[in-house]
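Everything below concerns the one structure shown next.
Residue numbers (the UniProt record's numbering): 1 to 213.
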């Protein structure tokens with residue numbers, strides 16, 4: 001493998017876990033535009049003075065339309081037929097981003113890393129067996145996360161001032177509830193939470209050891 005700022009090195013396998021705008025994916029599978037789909041929302045991030053932060057408190061501004069920000073980008077999801085090619089595979093947002101800022105990306109990436117490691121161990125390090133097994137095991141989780149992300153985007157990014165008001169009032173109501181009822185209500189209303197809580201994973205034996213360097 002050749003690097004821009006380091007000498008060439010050889011690896012048995014390469015795992016791209018470098019996010020939505022993955023360079024590994026671009027080099028192996030092609031340009032991001034081939035796989036990326038806009039889901040109807042944008043994300044802006046900007047720094048605030050320290051005085052705005054308080055322990056245990058979250059401040060959020062929701063508005064209609066675009067605001068200037070330090071970071072601004074579309075919330076997009078990836079749809080790929082396969083996340084593996086040769087000795088290269090993708091994990092997390094690099095391969096199956098459900099959409100940043102709408103919940104689930106981090107959890108899905110952790111699940112993907114666990115499944116990939118388990119399948120490599122189960123296959124004795126044979127990537128030709130492990131990579132397809134990894135993709136089969138993750139397929140259902142990825143489909144569920146995509147659907148949940150679309151639902152969350154519609155809820156979290158209102159398209160009218162009435163929607164903004166309704167979202168703000170709903171957040172105030174939830175915040176005023178005791179912790180027990182609040183958690184129960186969030187579980188009932190958050191589709192993404194239900195999707196991730198319902199995921200079932202193989203219990204890969206800890207004694208499995210992957211071969212190879």
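All C-beta atoms in this analysis are idealised placements derived from N, C-alpha and C, irrespective of residue type, glycine included.
Inter-residue CB distance, residue 24 and residue 94 (contact presumed, cutoff 8 Å): As a working note, residue 24 is residue 24 in the chain shown. As a working note, residue 94 is residue 94 in the chain shown. With 8 Å as the limit, residue 24 and residue 94 qualify as a contact, their Cβ atoms being about 6 Å apart.
Which listed residue (144, 140, 161, 11) has its alpha carbon closest to that of residue 89: Residue numbering aside, residue 89 sits at position 89 when the chain shown is read from its first letter. That would be 11, whose Cα lies nearest to the Cα of residue 89.
Backbone secondary structure at residue 125 - three-state DSSP: Here residue 125 corresponds to residue number 125 of the chain shown, with the count starting at 1. Correct three-state label for residue 125: coil.
Cβ neighbour criterion (16 or more within 10 Å) applied to residue 172: Counting from one through the chain shown, the residue named residue 172 turns up at place 172. Under this definition residue 172 is an exposed residue.
Reference residue 204; option with closest CA among 111, 31, 174: Taking the chain shown and counting its residues from 1, one reaches residue 204 at position 204. The residue with the shortest Cα to Cα distance from residue 204 is 111.
Minimum C-alpha distance to residue 40 - residue among 200, 150, 2: Position 40 of the chain shown, counted from the start, is the residue given in the question as residue 40. When each option's Cα is compared against that of residue 40, the closest is 150.
Outcome for residue 145 when other beta-carbon atoms lying within 10 angstroms are tallied against a minimum of 16: Taking the first residue of the chain shown as position 1, residue 145 is located at position 145. So residue 145 ends up on the buried side.
Bridge-paired residues (DSSP) for residue 44: For the purposes of this step, residue 44 is taken as residue 44 along the chain shown, with counting starting at 1. Paired residue(s): 72.
Straight-line Cα distance separating residue 161 from residue 123: Taking the first residue of the chain shown as 1, we reach residue 123 at position 123. Taking the first residue of the chain shown as 1, we reach residue 161 at position 161. Straight-line Cα distance between these residues: approximately 54 Å.
Residue 90 in three-state terms, based on DSSP: Against the chain shown, residue 90 aligns to sequence position 90. Three-state DSSP puts residue 90 in a strand.
Counted within 10 angstroms of its Cβ, other Cβ atoms place residue 115 as buried (16 or more) or exposed: As a first step, residue 115 must be located in the chain shown, where it is residue number 115. Counting Cβ neighbours within 10 Å, residue 115 comes out buried, since at least 16 surround it.
Residues near residue 8 in its chain [Cβ-Cβ closer than 7 Å; skip 5 each side]: Locating residue 8 in the chain shown gives position 8, counting from the first residue. Closer than 7 Å at the Cβ level, and outside the excluded window around residue 8, lie 1, 2.
Simplified DSSP state of residue 11, which is helix, strand or coil: Taking the first residue of the chain shown as 1, we reach residue 11 at position 11. Residue state, collapsed to three classes: coil.
Exposure label - residue 20; buried when at least 16 CB within 10 Å: As a working mapping, residue 20 is identified with position 20 in the chain shown. Residue 20 is buried by the Cβ-count criterion.
Per-residue burial, residue 138 [other beta carbons within 10 Å of its own, 16 or more giving buried]: For the purposes of this step, residue 138 is taken as residue 138 along the chain shown, with counting starting at 1. Flag for residue 138 reads buried.
First and last residue of the uninterrupted alpha helix (DSSP H) at residue 175: In the chain shown, counting from the first residue as 1, residue 175 sits at position 175. Segment 161 to 176, the alpha helix (DSSP H) holding residue 175.
First through last residue of the alpha helix (DSSP H) which encompasses residue 23: If you number the chain shown from 1, residue 23 lands on position 23. Residue 23 -> alpha helix (DSSP H) spans 23 to 29.
Residue 188, buried or exposed, once every other Cβ within 10 Å from all chains shown has been counted against 16: Translated into the one-based positions of the chain shown, residue 188 becomes position 188. Residue confidence is low: residue 188 scores 48 on pLDDT, short of 50, so the model does not pin down where it sits. No coordinate-derived value is stated.
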